[in-house]
Amino acid sequence: MSLAARDIRVTLDGRTVLSDVSIALERGRFVGLVGPNGAGKTTLLRVLAALVAPTEGSVTLEGRSTSGMCRDERARRVAALFQGAGVGWPMTVREIVALGRLPHRRAFAPLTDADEVAIARAMVRTDVEHLADRPEPTLSSGERMRALLARALAVEAEWLLADEPVTALDPAHQLDAMALLRAVARDGAGVVAVLHDLGLAARFCDRIVVLKGGRLVADGHPEEALTDALLAEVFGVTARRGRAPDGTRYILPWARSGAVKEESDGAIIPP
1 MSLAARDIRV TLDGRTVLSD VSIALERGRF VGLVGPNGAG KTTLLRVLAA LVAPTEGSVT
61 LEGRSTSGMC RDERARRVAA LFQGAGVGWP MTVREIVALG RLPHRRAFAP LTDADEVAIA
121 RAMVRTDVEH LADRPEPTLS SGERMRALLA RALAVEAEWL LADEPVTALD PAHQLDAMAL
181 LRAVARDGAG VVAVLHDLGL AARFCDRIVV LKGGRLVADG HPEEALTDAL LAEVFGVTAR
241 RGRAPDGTRY ILPWARSGAV KEESDGAIIP P
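Using the UniProt record's numbering, the first residue of the sequence shown is number 1, and each one after it goes up by one.
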């Protein structure tokens, strides 16, 4: 059960955004897509979701070209959540989440029992059930993001592609969302998320894919992909590493590479 991109090149407005990117993804794993600003992460996610057609290369889902699938089939099999994806009119949170069931229904058909169960489950998992009757314009940015994540989960798709799903969330809901995405993968779906928080990515993701300048520069387990050398080269930072009492390894971006030094008392001063 794979979603694969091969030899992807994307040129937008005469500028090459992605170049020679190939990646094969498997269900049951949570993949973090990371890289500095402008690296091409969101564009790659849009290519995987068949929302952007590559200038060169192809995307396949279980060996079939996604470009040859009908829109409804793609929508049932690949759910996507992108930054800035509002709803356009004052729907309630429950109505927003119910949109996730559209690929499973005929036009204007009423919600089925299966739809109702999927909607309720998605709202509970994203902690928005208490917001069910709130109109979208009254939501905070974090509440809106959780509602949109619930909409994506309600699809119950084989794949979930999410663009910066934790950016607008407070720390508690960031942890909840990352744990939820990992649980969705453990349940058998493939999850790919664009992430900027390297600490959360390293802690929760099974695999890290690193882009820089539109090219894939690292791909592997977090400890293999986020090495000190790569952090310095790609992100321009150094990191602190450690292990939590439960044995979980963590990484904490600490300073710009070569920008600071530490005295023996722990104070950080310019070099």
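Note that beta-carbon positions come from the ideal geometry of N, C-alpha and C, so glycine has one too.
All values derive from a computational prediction rather than experimental measurement.
For residue i, the nearest candidate out of the options (CA to CA)
{"i": "Leu-149", "options": "Ala-5, Ala-172 and Arg-125", "result": "Arg-125"}
{"i": "Gly-188", "options": "His-104, Pro-165 and Trp-159", "result": "Trp-159"}
{"i": "Arg-249", "options": "Ser-140, Val-209 and Glu-224", "result": "Glu-224"}
{"i": "residue 289", "options": "Thr-43, Gly-35, Pro-36 and Ala-24", "result": "Outside the modelled stretch of the chain, which goes from 1 to 271, sits residue 289, for which no answer is possible."}
{"i": "Leu-81", "options": "Val-52, Ala-185, Ala-118 and Pro-165", "result": "Pro-165"}
{"i": "Leu-75", "options": "Arg-27, Asp-170, Ala-154 and Pro-171", "result": "Residue identity check: residue 75 is Ala in the sequence provided, not Leu. Checking every option, the nearest Cα to that of Ala-75 belongs to Ala-154."}
{"i": "Arg-29", "options": "Ile-119, Arg-256, Lys-212 and Ala-185", "result": "Ala-185"}
{"i": "Ile-8", "options": "Pro-103, Val-47, Val-117 and Glu-26", "result": "Val-47"}
{"i": "Pro-214", "options": "Arg-71, Leu-18 and Val-10", "result": "Here the sequence assigns Gly to residue 214, which means Pro is not the residue at that position. Cα-wise, what sits closest to Gly-214 is Leu-18."}
{"i": "Gly-100", "options": "Gly-247, Leu-230, Asp-246 and Ala-152", "result": "Ala-152"}
{"i": "Ala-183", "options": "Thr-11, Arg-27 and Val-10", "result": "Arg-27"}
{"i": "Leu-51", "options": "Val-10, Ala-157 and Pro-36", "result": "Val-10"}
{"i": "Lys-41", "options": "Glu-73, Arg-106, Ala-193 and Val-234", "result": "Ala-193"}
{"i": "Leu-169", "options": "Ser-141, Ala-157, Leu-181 and Ala-179", "result": "Ser-141"}
Spatial neighbours of residue i in its chain, beta-carbon cut-off 7 Å, leaving aside the 5 residues before and after
{"i": "Leu-252", "result": "Gly-199, Ala-239 and Arg-240"}
{"i": "Ser-257", "result": "Ala-232, Gly-236, Val-237 and Thr-238"}
Alpha carbon of residue i to alpha carbon of residue j, nearest angstrom
{"i": "Val-191", "j": "Ser-2", "result": "12 Å"}
{"i": "His-221", "j": "Asp-206", "result": "6 Å"}
{"i": "Asp-13", "j": "Ala-39", "result": "16 Å"}
{"i": "Val-78", "j": "Ala-49", "result": "7 Å"}
{"i": "Pro-90", "j": "Ala-147", "result": "13 Å"}
{"i": "Gln-83", "j": "Asp-197", "result": "16 Å"}
{"i": "Ala-4", "j": "Ser-65", "result": "9 Å"}
{"i": "Ala-202", "j": "Val-34", "result": "10 Å"}
{"i": "Pro-137", "j": "Asp-163", "result": "21 Å"}
{"i": "Asp-265", "j": "Trp-254", "result": "Confidence is the limiting factor: at Asp-265 the pLDDT is only 38, short of 50, which leaves the residue's position unreliable and the question unanswerable from this model."}
{"i": "Val-97", "j": "Met-145", "result": "11 Å"}
{"i": "Asp-115", "j": "Ala-229", "result": "48 Å"}
{"i": "Asp-246", "j": "Glu-143", "result": "31 Å"}
{"i": "Leu-175", "j": "Leu-139", "result": "20 Å"}
{"i": "Pro-103", "j": "Glu-73", "result": "7 Å"}
{"i": "Glu-262", "j": "Thr-227", "result": "Bear in mind that the predicted position of Glu-262 carries a pLDDT of just 44, short of 50, making it unreliable; the figure below should be weighed with that in mind. Cα-Cα distance, rounded: 21 Å."}
{"i": "His-173", "j": "Ala-120", "result": "19 Å"}
{"i": "Val-260", "j": "Asp-127", "result": "At Val-260 the pLDDT is 40, less than 50, meaning the model places this residue with poor confidence; the figure from the coordinates comes in the next sentence. Going by the C-alpha atoms only, they are around 41 Å apart."}
{"i": "Ala-109", "j": "Met-69", "result": "23 Å"}
{"i": "Asp-113", "j": "Ala-107", "result": "17 Å"}
Chain-order list of residues whose beta-carbon lies under 6 Å from that of residue i (same chain, five-residue window excluded)
{"i": "Arg-134", "result": "Val-93"}
{"i": "Arg-6", "result": "Ser-22, Gly-57 and Ser-58"}
{"i": "Leu-216", "result": "Val-21"}
{"i": "Glu-129", "result": "Met-123"}
{"i": "Ala-24", "result": "Ser-2 and Ala-4"}
{"i": "Lys-212", "result": "Gly-35, Ala-39 and Val-234"}
Same chain, Cβ closer than 8 Å to residue i, neighbours up to 5 away in sequence not counted
{"i": "Arg-243", "result": "Arg-249 and Tyr-250"}
{"i": "Ala-132", "result": "Thr-92, Val-93, Arg-94 and Met-123"}
{"i": "Arg-71", "result": "none"}
Supposed contact pair residue j and residue i - C-beta distance, whole angstroms, cut 8 Å
{"i": "Leu-161", "j": "Leu-45", "result": "5 Å"}
{"i": "Val-210", "j": "Val-31", "result": "Going by Cβ atoms, the distance from Val-210 to Val-31 rounds to 11 Å, so no, they are not a contact pair."}
Closer than 7 Å: residue i CB and nearest the ligand NAP heavy atom
{"i": "Val-128", "result": "No copy of the ligand NAP appears in this structure; indeed no ligand is present at all."}
- Which ranges does the alpha helix (DSSP H) cover as unbroken runs of at least 4 residues, wholly within the stretch 107-174, from first to last along the chain? 113-125 and 141-154
- Item | beta strand (DSSP E) runs wholly inside the stretch 53-80, at least 3 long, in chain order | 56-61
- Hey, which unbroken runs of the beta strand (DSSP E) at 3 residues or more fall wholly within the stretch 181-233? 190-194, 207-212 and 215-220
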